[in-house]
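Asks:
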Amino acid sequence: VYSEAEAYNATYRIIKVIERINEQNLNAHISLKLTQIGLDINSEICKQNLMHILAKANEAHIFINIDMEDYGHIQSSWQIIDDCEQVFNNFGTVIQASLLRAKKDQREHKHFRLRIVKGAYKENEKVAYQTSKEIDINYLELCKSHLQEGKFTSIATHDYELITKLIRYIERNGNSKSNFEFQMLYGFRTNLQQQLAQQGYQVCVYMPYGKDWYGYFMRRLAERPQNINLIIKQSLSKFWLKGRL
Ligand SMILES: Cc1cc2nc3c(=O)[nH]c(=O)nc-3n(C[C@H](O)[C@H](O)[C@H](O)COP(=O)(O)OP(=O)(O)OC[C@H]3O[C@@H](n4cnc5c(N)ncnc54)[C@H](O)[C@@H]3O)c2cc1C
Numbered sequence: 001v002y003s004e005a006e007a008y009n010a011t012y013r014i015i016k017v018i019e020r021i022n023e024q025n026l027n028a029h030i031s032l033k034l035t036q037i038g039l040d041i042n043s044e045i046c047k048q049n050l051m052h053i054l055a056k057a058n059e060a061h062i063f064i065n066i067d068m069e070d071y072g073h074i075q076s077s078w079q080i081i082d083d084c085e086q087v088f089n090n091f092g093t094v095i096q097a098s099l100l101r102a103k104k105d106q107r108e109h110k111h112f113r114l115r116i117v118k119g120a121y122k123e124n125e126k127v128a129y130q131t132s133k134e135i136d137i138n139y140l141e142l143c144k145s146h147l148q149e150g151k152f153t154s155i156a157t158h159d160y161e162l163i164t165k166l167i168r169y170i171e172r173n174g175n176s177k178s179n180f181e182f183q184m185l186y187g188f189r190t191n192l193q194q195q196l197a198q199q200g201y202q203v204c205v206y207m208p209y210g211k212d213w214y215g216y217f218m219r220r221l222a223e224r225p226q227n228i229n230l231i232i233k234q235s236l237s238k239f240w241l242k243g244r245l
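Quick note: the sequence shown uses the working numbering, first residue 1, plus one each step.
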């Protein structure tokens, strides 16, 4: 989003979703990206739009999650998040385990509700781990450390091995199930989502919404080319359904 009007329009649409969640009394919250509401135009516009969203969400008792984007946006995102924290506390954000700065950011924001992810953006070796082994080790350490803090932790991964290790850790430590959740993307590993929910864990599904789907779609394809199968299967079943209706 590169114009003020587009950023304002995105803000308006997010507020409409807040209103609908409230009206329908849904167990749902909203994730947004700061570039969606003006970060690439200027920080002040972005902050004003975010404040507006947080105020509406606060009235409706709805939680907002601020997604983390590529490294070039990280510092300005933290600045806005820290400024908004002076006024609101109904929001949380994301720590990307692939980043060398992840532990420092987590330590400085240990009082936040945090979602821990591996990181969706390809970054260079000056700022990010380059091997999956290093990222996985960091991922586990970040989750354990945030769980230990007792602040709500969203464990956002489809990686069965990491999930299994964390469940073992949680069981050993007696962390309350109300203090963390698993998060996965809509349509990914649905069986695992259901299995975890049946075991009594909270599972939150991240569902992309809106017309500007292309960037999101390409990121999902880049990290796992097999995801094309998912898209084809879903498009075919929609096409098939339409034909039958
Ligand atoms: C809820 C949520 C929110 C996110 N928010 C952010 C964010 O704000 N910022 C950001 O940078 N990134 C975000 N991400 C993306 C994240 O950083 C990763 O890029 C993405 O989750 C893929 O990593 P993974 O942890 O699933 O592990 P991967 O290493 O990609 O996958 C681990 C294993 O999971 C299995 N797997 C993965 N997908 C499938 C599938 N479709 N079917 C079957 N098996 C599969 C495979 O066995 C694979 O080896 C988010 C992810 C989620 C789930």
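Where a beta carbon is used, it is the ideal one built from N, C-alpha and C, also for glycine.
Taking the C-alpha atoms as reference points, what is the distance between Ile41 and Glu85?
Replies: By one-based count along the sequence shown, residue 41 stands at place 41. By one-based count along the sequence shown, residue 85 stands at place 85. So the two alpha carbons sit approximately 22 Å from each other.
Asks: Express the C-alpha separation of Tyr214 and Ala197 in angstroms, rounding to a whole number.
Replies: Here residue 197 refers to the residue found at position 197 of the sequence shown. Here residue 214 refers to the residue found at position 214 of the sequence shown. Ala197 and Tyr214: Cα-Cα distance of roughly 30 Å.
Asks: Between the beta-carbon of Ala10 and the beta-carbon of Val1, is there less than 8 Å?
Replies: The residue you call residue 10 lines up with position 10 of the sequence shown. The residue you call residue 1 lines up with position 1 of the sequence shown. Cβ distance < 8 Å, so Ala10 and Val1 count as in contact.
Asks: Going straight from the alpha carbon of Gly38 to that of Gly210, what length do you get?
Replies: Counted from its first residue, the sequence shown places residue 38 at position 38. Counted from its first residue, the sequence shown places residue 210 at position 210. Distance between the alpha carbons of Gly38 and Gly210 is about 17 Å.
Asks: In whole angstroms, give me the CA-to-CA distance for Asn89 and Thr164.
Replies: The residue labelled residue 89 in the question sits at position 89 within the sequence shown. The residue labelled residue 164 in the question sits at position 164 within the sequence shown. If I take the Cα positions, the gap works out to 31 Å.
Asks: Tell me whether Ser31 is buried or exposed, calling it buried when 16 or more other Cβ atoms sit within 10 Å of its Cβ.
Replies: In the sequence shown, residue 31 corresponds to position 31, counting from 1. Under the 10 Å beta carbon count, Ser31 is surrounded by 16 or more other beta carbons and is classified as buried.
Asks: With a threshold of 7 Å (Cβ to nearest heavy atom), would Val94 be considered close to ligand 1?
Replies: Counted from its first residue, the sequence shown places residue 94 at position 94. Checking the Cβ of Val94 against ligand 1 gives yes.
Asks: CB Lys118 to CB Ile95, shorter than 8 Å?
Replies: By 1-based counting over the sequence shown, the position of residue 118 is 118. By 1-based counting over the sequence shown, the position of residue 95 is 95. No, the Cβ-Cβ distance between Lys118 and Ile95 is not below 8 Å.
Asks: Taking only runs that begin and end inside the stretch 91-167, name each unbroken beta strand (DSSP E) of 3 or more residues, in chain order.
Replies: Those beta strand (DSSP E) runs which fall completely within the stretch 91-167 and span 3+ residues are 91-96, 114-117, 153-156.
Asks: If you count every other CB in all the chains shown that lies within 10 Å of the CB of Gly243, and 16 or more means buried, which is it?
Replies: Counting from 1 along the sequence shown, the entry for residue 243 is found at position 243. Note that Gly243 scores a pLDDT of 48, beneath 50, so its modelled location is shaky; the value from the coordinates is reported in the next line. It counts as exposed.
Asks: How close, in whole Å, do the beta carbons of Glu69 and Thr93 come, if the pair is a contact with beta carbons under 8 Å?
Replies: Walking along the sequence shown from the start, residue 69 turns up at place 69. Walking along the sequence shown from the start, residue 93 turns up at place 93. Contact flag wrong, Cβ pair sits at about 11 Å.
Asks: Buried or exposed: Met184, going by 16 or more other Cβ atoms within 10 Å of its Cβ?
Replies: Translated into the one-based positions of the sequence shown, residue 184 becomes position 184. By the neighbour-count rule (16 or more Cβ atoms within 10 Å), Met184 is buried.
Asks: Can you give me the start and stop residues for the alpha helix (DSSP H) that Tyr214 sits inside?
Replies: For the purposes of this step, residue 214 is taken as the residue at position 214 of the sequence shown. Start and end: 214-223.
Asks: Please confirm whether any heavy atom of ligand 1 lies closer than 7 Å to the CB of Gly215.
Replies: To locate residue 215, count along the sequence shown from 1; it is residue 215. No, the Cβ of Gly215 stays beyond 7 Å of every heavy atom of ligand 1.
Asks: Taking 7 Å as the limit between beta carbons, can you name the residues of its chain near Pro225, skipping five residues before and five after?
Replies: Mapped onto the sequence shown, residue 225 falls at position 225. Excluding residues within five positions, none has a Cβ falling inside 7 Å.
Asks: For Glu69, which of helix, strand or coil comes out of DSSP?
Replies: Locating residue 69 in the sequence shown gives position 69, counting from the first residue. In the structure shown, Glu69 sits in coil (DSSP, three-state: anything other than H, G, I, E or B).
Asks: Out of curiosity, what's the CA-to-CA distance linking Lys177 and Gln195?
Replies: One-based indexing of the sequence shown puts residue 177 at position 177. One-based indexing of the sequence shown puts residue 195 at position 195. Approximately 15 Å, taken between the alpha carbons.
Asks: Take Cys143 and list the residues in its own chain whose beta-carbon comes closer than 7 Å to its own, dropping the five residues that flank it on each side.
Replies: Your numbering for residue 143 matches position 143 in the sequence shown. Scanning its chain for C-beta atoms nearer than 7 Å, with the 5 sequence neighbours on each side dropped, one finds around Cys143 the residues Ile116, Thr153, Ile155, Leu166, in chain order.
Asks: Cα-Cα, which of Ile81, His146, Gln79 is closest to Lys110?
Replies: Here residue 110 refers to the residue found at position 110 of the sequence shown. With distances taken between Cα atoms, Lys110 lies closest to His146.
Asks: Below 8 Å on the Cβ atoms is my guess for Arg220 versus Asn227; work out the distance and round it to an integer in Å.
Replies: Taking the first residue of the sequence shown as 1, we reach residue 220 at position 220. Taking the first residue of the sequence shown as 1, we reach residue 227 at position 227. About 5 Å separates the two Cβ atoms, so the contact holds.
Asks: Quick one: what does DSSP say Val87 is sitting in, helix, strand or coil?
Replies: Indexing the sequence shown from 1 puts residue 87 at position 87. DSSP places Val87 in coil when its eight states are reduced to three.
Asks: To which residues does DSSP link Gln183 through a beta bridge?
Replies: To locate residue 183, count along the sequence shown from 1; it is residue 183. Beta-bridge partners assigned by DSSP to Gln183: Ala156, Cys204.
Asks: Just tell me which of Ala128, Ile80, Glu171 has its CA closest to the CA of Gln199.
Replies: Here residue 199 refers to the residue found at position 199 of the sequence shown. Cα-wise, what sits closest to Gln199 is Glu171.
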